[in-house]
Each structure stands twice: as C-alpha cells, then as structure tokens.
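Residue numbering for the sequence shown follows the numbering used here, starting at 2 and increasing by one per position.
Structure first, then comments.
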Amino acid sequence: MKPGSLLLAALLTGAGWGQTPTIRQGLVKPMWITALPSQAGRVYAMGLAPVSPSEAQAITQASQSARGEVLSRLRASVKSETSVSSRATMTQQTGGRATGTSEQQVGQNTNIQASATELPGLSVEETWVDVKGATAYALAYLDVPIAERELRARFTAQKNDLFQESDTPTAPRERMRQLNRLKNAQVELAKLDDMAALLAAGGGDAQLRKDIRAGKLSVDRQMDQLRGSLTLSLEGGSGASQIAAILRNAALKTGLGWAERDGEFQLVLDYRSDAKTAKIDASQKQWNGWWRGGWVSHTTTKDTGIIVARGVLSITLRDRAGTEYESVEIEAKGLGVSDFQAENRLKQDFREKVEKTFTKWLENLVK
Numbered sequence: 002m003k004p005g006s007l008l009l010a011a012l013l014t015g016a017g018w019g020q021t022p023t024i025r026q027g028l029v030k031p032m033w034i035t036a037l038p039s040q041a042g043r044v045y046a047m048g049l050a051p052v053s054p055s056e057a058q059a060i061t062q063a064s065q066s067a068r069g070e071v072l073s074r075l076r077a078s079v080k081s082e083t084s085v086s087s088r089a090t091m092t093q094q095t096g097g098r099a100t101g102t103s104e105q106q107v108g109q110n111t112n113i114q115a116s117a118t119e120l121p122g123l124s125v126e127e128t129w130v131d132v133k134g135a136t137a138y139a140l141a142y143l144d145v146p147i148a149e150r151e152l153r154a155r156f157t158a159q160k161n162d163l164f165q166e167s168d169t170p171t172a173p174r175e176r177m178r179q180l181n182r183l184k185n186a187q188v189e190l191a192k193l194d195d196m197a198a199l200l201a202a203g204g205g206d207a208q209l210r211k212d213i214r215a216g217k218l219s220v221d222r223q224m225d226q227l228r229g230s231l232t233l234s235l236e237g238g239s240g241a242s243q244i245a246a247i248l249r250n251a252a253l254k255t256g257l258g259w260a261e262r263d264g265e266f267q268l269v270l271d272y273r274s275d276a277k278t279a280k281i282d283a284s285q286k287q288w289n290g291w292w293r294g295g296w297v298s299h300t301t302t303k304d305t306g307i308i309v310a311r312g313v314l315s316i317t318l319r320d321r322a323g324t325e326y327e328s329v330e331i332e333a334k335g336l337g338v339s340d341f342q343a344e345n346r347l348k349q350d351f352r353e354k355v356e357k358t359f360t361k362w363l364e365n366l367v368k
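Here's what the structure looks like:
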C-alpha cells in the first residue's frame, strides 16, 4: 500500500469519530513532541520524517510512522519483544517523554503499518512541520474503548450468524456453502483475535479475546463436522494415481474431506483425444493410467519432426444420487522428439494445470 493510501485510511478512520488531524507549522514545538499526552483509554505515539522531497510527503510519512508506532508498541508487548525500534514512547494513563529515531527506521515496520489500517480507533491527531529543522512530526493514538466497541460488534455479528452448531444444513450443496462461510469466518476471527490481543496490551478488556477464541473453537468444531460429511472420491480414474493425488490435495486444501471410494460427492474423470490418432501401448502400463485405457493423441510436425502429444481431461462433480453440479475441462500438451518425451511433458503439463485449475474450481464451487 502506498504511503498516501495509508494516510488516507488514517484520516478516514479519524473522521469517523469526528477527529480531523491538525496541521501546525512554525518555530514553537507542540508539547507532545517533548512529552506525549496523558489520557485514560488512549495509547499515544509519535512519528517523524525529513521534509524531503516535499513537505506533503513528509507529513504522510510521519503520520504513517506514528500509526505504525502505536501498533508496534502494542505488538511488542503482546510478544514480549525487546528488539522493536523505539521511535516513540507509549503512554496510556500517564504522560511520558517522546523520543524518535531517523527516517531509516520507517521501512522496518511496513508489515505492522499495513495491519494498522485494519485496527479501529487508530487515528492521527495532529501533525507539525519544523521548517527550520526540516522535519515533520505526527501524533497518533489508539482509542481503546472505541476499538473495543467495533471489535465486539464484529464479533457479535459472526456469533449470531455462525455459532449455532445445531443448525448444520442437510442438503449437500448447502453444506458446501456453509463450509465456505465458516472458512471466511475463520479469517475474520483470526483478525479479531489479533486485534483483541493488541487492545488487551493497551489496557483493554482481556475477556474480549477469550470470547473470540471460544468462537474460533466453535467454528472449528462445525468445520470438522462438515468435513466429515462433505467427502470427495475419485470415480473412473483407475490407475491415475498422480492425478488422484493432485485432486486429493486440492480438495483437502479447500477444506473438504477425501475418501478412497463412495464419497458423498464423486469426481468423475474422463480422458479423450482424437480417436483416429490414438495410440495404445499395453507394455507401458505405468503410463496408461493417465489416459484411461492407454491412449493419447500424437501429431508429428513434418518440417521439424517434433511430436506433439495432446489430451483433454474432463472432471465432473456429482452426488450419490447422480446429480451433476459442476464440470471443468483441462487441455494439455507436450512436445518432444519421441513419443515417450512428448508424453512425459504432457503429463507434467497436466499436473500443473490440474492443480491450478481444479483448486480454483473448487474454491468457486463452495462460494
């Protein structure tokens, strides 16, 4: 994210609570540069940046740095880290001496600053430009009560929607969709858990994080139940062990279960090629499993003698009742100076395309 975008996010966050950063310029330094403000329920930090190449960019960088400093102080407290660079002094209910380091430290907190855009209640209160010293300063703070209210509201919305463990849908497709909703809830709850830990480090209610973690466990239990019922199996792919492994890994990665046979959902495989040029090699059984019967289409280029092996893999998803839901076709080819080389490269092309296409297809299927 560009620095300007981060500053815009900070301004919008502050504006949501009637907070607009004040910009000062002059010879008299604000008091917060020497000693950070003291206010119950707030965590303050300061950022700075050289006025180069422009004053506007310096204000943006200083604001970005200040917001990142608030978060880095909280995160350092959560992880008990002592190596976090000290560009500012955190104060919660008592004031303190404000310190800062040079611009070279800004890049070290990039990942922390990106997370700062998601933390509610984090705002830039004021900026100041020291024209003589060619330095821009910014004062940021986290309003812990405001952030807690936002997190509680988001957590309550998830809880009311997804934590009803007795309400598992019976229809297979609805269970697939429910699984996807639970996966999204896992992502949201992980963010809330992280932010609740930061708020607790800033003096917030530690019970909020306990409640969020209990919610995560509830979601995990529901997902385990759904995985047990939403199993996939491979049909019509006898001998295609390499493709079966790719499909199994993709299914498990998406959060679905896998059975060797008779799953609630079946993946039906079909290979096809140009029957006129199909080649069957009964002596190479290890290759035949890829082509369902051992055939593959070959074309020889007259000018170069290069052999092109082609194949099309069709994958269809159906349930035990025979209802078909989705299907996808994957075309692959391999080039070589011999049939063996062309087929090996065809297999490699199939492996790569099956893994990429099928994974994306499954993700879309459960939306």
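Backbone N, C-alpha and C fix where the C-beta goes; we use that ideal spot for every residue, glycine too.
Item: Please say whether Val52 and Asn130 have beta carbons closer to each other than 8 Å?; Value: Reading off the sequence shown, one finds Val at residue 130, where the question assumed Asn. It is a contact, given that the beta carbons lie within the stated cut-off.
Item: By DSSP, does Gln267 sit in helix, in strand, or in coil?; Value: strand
Item: Tell whether a beta-carbon distance below 8 Å holds between Gln159 and Leu190.; Value: yes
Item: Take Gln223 as the anchor and find which of Leu199, Asp212, Gln208 and Arg178 has the nearest alpha-carbon.; Value: Arg178
Item: Tell me which residues share the same chain as Ala207 and place their Cβ nearer than 7 Å to its Cβ, disregarding the 5 neighbours each side in the sequence.; Value: Ala201
Item: Start and end of the alpha helix (DSSP H) containing Pro121?; Value: Per DSSP, Pro121 belongs to no alpha helix (DSSP H) and is neither H nor E.
Item: Which residue's Cα is closest to the Cα of Leu180: Leu268, Ser230 and Val269?; Value: Ser230
Item: Could you spell out where the beta strand (DSSP E) holding Ile331 opens and where it closes?; Value: Glu325 to Gly337
Item: Report the CB separation of Ala141 from Glu126 in whole angstroms; it is logged as a contact under 8 Å.; Value: 7 Å
Item: Taking only the alpha-carbon atoms, compute the straight-line gap between Pro54 and Arg228 and give it to the nearest angstrom.; Value: 56 Å
Item: Helix, strand or coil, according to DSSP, for Arg311 in the structure here?; Value: strand
Item: Apply the 10 Å Cβ neighbour rule to Val132 and answer buried if 16 or more other Cβ atoms are within range, or exposed otherwise.; Value: exposed
Item: For Leu347, count neighbouring Cβ atoms within 10 angstroms of its own Cβ and tell me buried if that reaches 16, exposed if not.; Value: buried
Item: Between which two residues does the alpha helix (DSSP H) holding Asp144 run?; Value: Unbroken run through Asp144 is the beta strand (DSSP E), Thr136 to Asp144; no alpha helix (DSSP H).
Item: Taking all protein chains shown into account, do 16 or more other C-beta atoms lie within 10 angstroms of the C-beta of Arg68, making it buried, or fewer, making it exposed?; Value: buried
Item: Give the range of the alpha helix (DSSP H) segment to which Arg43 is assigned.; Value: Not the alpha helix (DSSP H): Arg43 falls in the beta strand (DSSP E), residues Arg43 to Pro51.
Item: Just verifying my parser: in three-state terms, what is the DSSP assignment at Gly203?; Value: coil
Item: Once the 5 residues before and after Lys217 are set aside, which same chain residues still bring their CB inside 6 Å of it?; Value: Leu190
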